[in-house]
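Protein chains: 2
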Amino acid sequence: MSKNIREININQIKIHDPFWSAMQHRMTDTVIPFQEKVLNDEVPGVEKSHAIENFRIAAGLSEGEFYGMVFQDSDVAKWLEGVAYSLAVKPDNELEARADEIIDIIEKAQQPDGYLDTFFIVKEPEHRWQNLQECHELYCAGHMMEAGVAYYQTTGKDKLLHVVERLADHIISMFGEDKEPGIPGHQEVEIGLMKLYRATGKEKYKDMARYFLEERGKNPNYFYEEKKKRGWQHWGQYSLEPLDQRYTQTHATIYEQKEAVGHSVRAVYMYTAMADLAGEDKDQRLYEACQTLWDNIVKKRMYITGGIGSTVEGEAFTIDYDLPNDMAYAETCASIGMIFFAKRMLEIKPLGIYADIMEREFYNGTISGIQLDGKQFFYVNPLEVNPGTSGTIFGYKHVLPTRPGWYACACCPPNLVRLVTSLGTYAWSESETTLYSHLFLGQTADFDKAVITVESSYPWEGKVSYQVKAKKEKAFELAIHIPSHIRPDTLAVTVNGEKTDDMSFVKDGYLYLKRNWGENDVVALTFDLPVRKIYANTNVREDEGCVALMRGPVVYCFEGADNGECIQALRIPREIKAETELCKEGVLAGNVLIHLPGYRMESSDALYSEERPKRTDVTLTAIPYYAWANRGENQMRVWMPEE
Amino acid sequence: MSKNIREININQIKIHDPFWSAMQHRMTDTVIPFQEKVLNDEVPGVEKSHAIENFRIAAGLSEGEFYGMVFQDSDVAKWLEGVAYSLAVKPDNELEARADEIIDIIEKAQQPDGYLDTFFIVKEPEHRWQNLQECHELYCAGHMMEAGVAYYQTTGKDKLLHVVERLADHIISMFGEDKEPGIPGHQEVEIGLMKLYRATGKEKYKDMARYFLEERGKNPNYFYEEKKKRGWQHWGQYSLEPLDQRYTQTHATIYEQKEAVGHSVRAVYMYTAMADLAGEDKDQRLYEACQTLWDNIVKKRMYITGGIGSTVEGEAFTIDYDLPNDMAYAETCASIGMIFFAKRMLEIKPLGIYADIMEREFYNGTISGIQLDGKQFFYVNPLEVNPGTSGTIFGYKHVLPTRPGWYACACCPPNLVRLVTSLGTYAWSESETTLYSHLFLGQTADFDKAVITVESSYPWEGKVSYQVKAKKEKAFELAIHIPSHIRPDTLAVTVNGEKTDDMSFVKDGYLYLKRNWGENDVVALTFDLPVRKIYANTNVREDEGCVALMRGPVVYCFEGADNGECIQALRIPREIKAETELCKEGVLAGNVLIHLPGYRMESSDALYSEERPKRTDVTLTAIPYYAWANRGENQMRVWMPEE
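Residue numbers (numbering that gives the first Met the number 0), protein chains in the order written: chain Z, 0 to 642; chain V, 0 to 642.
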């Protein structure tokens with residue numbers, strides 16, 4: 000068995016999109032080279048990485064001690080995966096040659112039995128596989144598998160693929176029903192194993208992924224017993240209590256988990272693998288388990304920006320509707336993981352509810368993690384920031400008002416790299432009969448059925464066209480996701496210039512066009528992109544009395560740079576008359592800004608008064624949320640009081 | 000020199016007030032006996048106190064080890080001070096006899112040189128006076144001084160007074176210009192020394208208080224140098240960094256401190272002593288320093304309830320206008336300290352601005368600390384509580400949704416006892432020419448000039464009368480504080496039934512009545528107590544778009560018990576039509592409740608929607624803030640969105 004709806008290969012897609020090409024070039028031209036230097040310890044002022052040197056030492060090519068986090072290897076893996084995709088976006092022979100060299104080192108570092116983790120090879124060989132909860136061996140393995148598969152897919156080179164196959168085989172030899180029990184502390188290996196399964200066709204990798212998923216929560220005390228057995232902890236006094244089963248998603252089996260809990264990145268990585276497996280095995284029960292968790296997140300535990308995991312403590316989900324704006328955690332990586340999850344759900348059922356969330360993440364809570372110059376990064380993505388408080392006062396210390404540079408635990412930047420460079424693979428999936436377009440994205444996509452060239456002005460304008468050049472097989476269906484924010488009465492679809500009025504083709508968020516395609520058929524879509532006022536559910540305490548603005552998929556925010564001091568005193572009127580402006584200058588050039596008449600409340604100097612603050616008319620300016628904090632430290636809010 | 004305006008003796012006042020007598024009886028009948036049992040380790044289930052046993056051991060009357068906090072002695076001192084005042088409220092020979100016995104033990108525990116601190120006498124005699132920052136010897140000494148003075152004032156017995164005089168003399172022998180430098184870690188001894196000065200007339204105690212106050216901040220690194228010198232820390236890894244000079248109010252001299260910073264209780268205890276000294280020495284510069292700090296607190300750093308010190312981290316002040324409701328710290332003791340501060344400021348200048356704050360504290364942020372049954376206590380006084388979040392999720396863990404019972408670090412309960420039992424001393428002060436009434440309080444007050452009997456229906460009704468029976472000196476001034484919330488056009492004042500229209504007598508918040516008083520002159524005041532909508536300064540982010548209700552001095556809040564679930568979805572209309580109801584049944588009997596037409600917003604199930612939540616008409620009920628959390632765990636808010 001395998002999925003009815005399959006992902007497509009990144010090499011099939013060439014993106015030329017006004018919005019996303021720039022973002023991709025930021026990754027290929029700035030972030031990847033910068034991270035390469037970091038990994039090689041060539042950037043003064045940035046905390047030493049030593050990650051490649053660790054591999055050299057493990058390979059016997061260098062002498063020295065291991066240095067870095069226990070999961071330092073994953074930095075190399077994620078970088079390699081990003082490099083793999085970047086080579087599809089922008090071929091670079093020299094970069095590829097350097098990546099090949101690193102892969103050579105990795106191969107040499109691998110132990111005869113297939114084991115591969117430099118922390119344990121170099122530093123604590125006697126402690127291998129004893130501390131799955133804390134020591135991230137399976138996590139690093141998963142990332143290396145993703146890198147191996149990606150590098151194979153985009154370059155055709157299989158050296159790293161073979162390394163990770165041997166690594167996976169070693170893992171299979173260690174854990175399982177008839178071997179030692181085991182589950183990863185930080186879920187990720189399940190994703191890697193699923194990719195390895197698809198790249199090699201070998202069922203054993205899928206079986207291993209299923210084992211890790213289904214073993215989880217069978218013995219909720221597993222990590223506690225593991226700790227007792229080994230008698231040591233990696234993080235010393237900072238070690239987490241292994242009995243916090245919700246943090247580790249071990250409180251119940253994957254089928255019994257009804258709410259998204261615990262460390263949010265680990266959670267969505269697990270859900271991603273669950274959905275992947277459900278799709279491959281056409282496992283309805285597992286799909287329903289995924290759907291339950293999906294619903295809990297998107298209906299009760301997600302910021303409007305797509306941010307998930309609202310508390311810094313444990314970088315975790317909390318409870319339904321607990322979505323504080325100024326204390327948000329909303330890790331960039333968690334939003335990225337949510338895209339992974341959405342993609343797998345789309346490969347089970349192409350429903351608009353999944354593509355809508357994928358779009359929400361792509362345009363908001365993920366790319367808010369990177370400075371427009373590609374040089375600084377947010378780990379935490381708040382929806383409100385107040386200099387003097389944010390980053391300073393208890394409760395808000397994790398909420399930085401500006402993006403810091405590269406940091407020691409640099410999980411988010413390379414995660415963004417691999418996401419954005421592989422964007423093409425999120426744009427489409429394919430079944431026997433149908434090509435599904437999930438995102439409006441300027442590109443040329445080369446399928447067996449056809450070459451499709453998309454021109455898109457999205458998200459700034461409601462204008463997208465699909466030029467279809469059918470190949471041999473001319474009768475197929477093109478299914479185009481129509482984002483739920485598009486009002487049906489404003490959507491106009493033409494095929495070769497002729498209007499298609501029958502919107503009964505739109506089902507579950509997709510426009511289905513079935514015909515015998517010619518060599519130059521053009522499907523053109525136009526739709527309105529009005530500024531929309533959004534209200535939160537009244538259960539969300541922090542958003543009460545407030546509204547947020549969206550336009551298309553883009554969430555907007557208000558910054559001090561445009562609106563002056565004390566932006567909490569600004570008010571959005573009940574009826575808005577918004578105008579848009581394409582910004583042409585400065586760091587925000589290319590973004591559509593929103594201007595609207597609103598109010599500023601001005602109180603007397605008194606701290607408390609019976610006098611209602613006076614209302615004056617002002618013009619408010621909102622900018623895309625993802626672009627906040629690009630003009631220095633200033634106040635920012637997404638949710639604004641309504642008046 | 001001494002103050003022009005003096006405090007009066009607690010024995011001069013007998014309170015018979017519908018509101019406050021019940022509160023006083025709660026202290027005398029429930030809290031004092033309960034704490035006595037706690038101090039004697041007679042309450043099962045309550046963490047062992049051992050405080051009296053520590054004194055027995057130090058006195059050689061018992062064998063054993065010291066147990067408890069380094070400041071455990073202060074529990075005994077605060078209890079004794081409360082007992083002293085309670086004996087004025089409600090004489091109790093048996094209680095007094097038991098207190099005498101404890102004082103005998105304390106006297107025996109005192110060392111030949113006057114030293115008195117059981118932790119160091121019993122446990123670490125070699126470490127005396129080496130760790131002023133952490134070890135609270137001066138703090139405990141200050142509380143014992145307050146107890147000794149109080150016990151002398153109410154019982155006439157001077158044994159404890161002599162103990163604390165010897166203790167003070169010992170301290171004087173240790174610290175000063177020509178001796179060792181030193182400042183207290185937790186300010187308090189300055190207050191005790193000032194009281195001791197007034198009780199004994201000995202200037203040296205006032206001089207010592209001035210030394211401790213003026214030495215503070217002269218060398219901002221004092222605690223750091225002290226730490227280096229001694230080479231040990233009391234709290235081990237939990238010790239505070241002595242370089243945090245703002246936490247300890249050592250960042251600048253008392254004259255240079257312009258903002259209220261650091262640990263809020265320590266801060267206001269210091270300001271109290273500063274104001275006390277400024278008054279006694281008619282020190283204008285010091286008074287101005289106090290006024291600067293006062294203004295910073297009441298204009299920028301105080302909750303509407305009078306709560307101060309908004310963050311749990313360091314139990315401290317933060318920055319201007321940072322007043323989160325659901326994360327508030329607002330320690331009960333800090334509000335009590337603010338009353339101490341206000342009283343001393345009134346003794347410098349009888350201004351309504353001080354009496355207004357004193358009233359705000361008495362009716363709100365202090366007594367919210369005690370359950371209506373007198374058995375449970377809040378340390379933290381939030382203005383918003385959400386079960387499931389408060390007390391549970393990071394940031395909100397210190398915010399408990401219901402009052403816990405007695406706790407190990409039980410500073411607030413005995414602080415409330417001594418405040419409420421000594422209430423009479425806050426009601427009046429006296430100058431050569433004038434009797435100042437600061438609070439509307441049912442009572443009989445016996446002055447040299449006159450006996451004044453006050454009948455009061457405050458805070459529930461705007462009706463207060465002062466019956467004046469002049470003694471020999473008939474020509475004096477009666478100055479009655481008119482709270483600033485009273486609208487002048489609703490205030491009617493009669494003297495012996497004749498209306499006094501000339502409100503030019505009202506100056507700086509006091510109504511001045513100068514005449515030759517007879518033996519039965521009655522000044523009667525009536526005024527309206529409308530329900531008032533209060534707006535916060537727009538700089539207070541957390542209150543934006545919201546209003547709070549007050550009636551008289553009482554802040555109101557909304558609880559789930561009256562208003563159902565999801566109270567953040569309730570709305571106060573722009574124009575309110577409020578009605579009041581005297582509650583006659585249940586735990587809130589005797590309190591005036593507010594009912595008003597309002598709205599409930601109801602959203603669809605969607606987390607985010609373009610549809611504005613639907614508005615339905617509801618009747619809202621508000622209860623006095625201090626009485627919240629007396630009906631089990633439920634949601635509570637002071638600030639409600641306006642619609």
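Just so it is clear, CB atoms sit at the ideal spot from N, CA and C, and this is done for glycine as well.
Proximity test, Cβ basis, 8 angstroms: residue i and chain Z
i      : result
V/A535 : yes
V/T310 : yes
V/S334 : no
V/S367 : no
V/R531 : yes
Interface flag, residue i vs chain V, CB-CB below 8 angstroms
i      : result
Z/T643 : In the structure displayed, chain Z extends from 0 to 642; residue 643 of chain Z sits before or after that span and is not available.
Z/L595 : no
Z/P458 : no
Z/R245 : no
Z/I303 : yes
Z/D321 : yes
Z/Y270 : no
Z/A568 : yes
Z/R614 : no
Z/R265 : no
Z/S238 : no
Z/E346 : no
Z/E601 : yes
Contact check, residue i vs residue j, beta carbons under 8 angstroms
i      : j      : result
Z/Y270 : Z/C289 : yes
Z/F340 : Z/A274 : yes
Z/A474 : Z/N519 : no
V/V453 : V/G441 : yes
Z/K298 : V/L548 : no
Z/A272 : Z/I190 : yes
Z/G672 : Z/K2   : This structure gives no information on residue 672 of chain Z, because the portion of chain Z shown stretches from 0 to 642.
DSSP three-state assignment for residue i, whether helix, strand or coil
i      : result
V/Y66  : coil
Z/D445 : strand
V/G404 : coil
V/K294 : The identity of residue 294 of chain V in the sequence shown is Asp, whereas the question assumes Lys. DSSP places V/D294 in helix when its eight states are reduced to three.
Z/P623 : strand
Z/R486 : coil
V/L371 : coil
Neighbour list for residue i in chain Z, Cβ cutoff strictly below 9 angstroms
i      : result
V/Y598 : Those within 9 angstroms of V/Y598 in chain Z number zero; the least Cβ separation is about 11 angstroms.
Amino acids of chain Z, ordered along the chain, whose beta-carbon sits closer than 7 angstroms to that of residue i
i      : result
V/N538 : C565
V/M326 : G394
V/G544 : G544, P640
Amino acids of chain V, ordered along the chain, whose beta-carbon sits closer than 8 angstroms to that of residue i
i      : result
Z/E610 : Y534
Proximal chain Z residues relative to residue i, where beta-carbon distance stays under 8 angstroms
i      : result
V/K299 : L606
V/S483 : Correct list: empty, because the minimum Cβ distance to chain Z is about 11 angstroms.
Review point. Where are the alpha helix (DSSP H) runs, 4 residues long or more, that stay fully inside the stretch 514 to 573 of chain Z, in chain order?
Key: 559 to 562
**Study point:** Residues of the stretch 382 to 400 of chain V with Cβ closer than 7 angstroms to any Cβ of chain C, in chain order
**Key:** Of the chains in the structure shown, none is chain C; the protein chains are Z and V.
Exercise for review: Jot down the residue ranges of each uninterrupted alpha helix (DSSP H) in the stretch 19 to 84 of chain V, minimum 4 residues, whole runs only, in chain order.
Suggested key: 19 to 24, 31 to 38, 50 to 57
Review point. Can you list the alpha helix (DSSP H) stretches of 4 or more residues lying completely in the stretch 405 to 440 of chain V, in chain order?
Key: 411 to 420, 422 to 426
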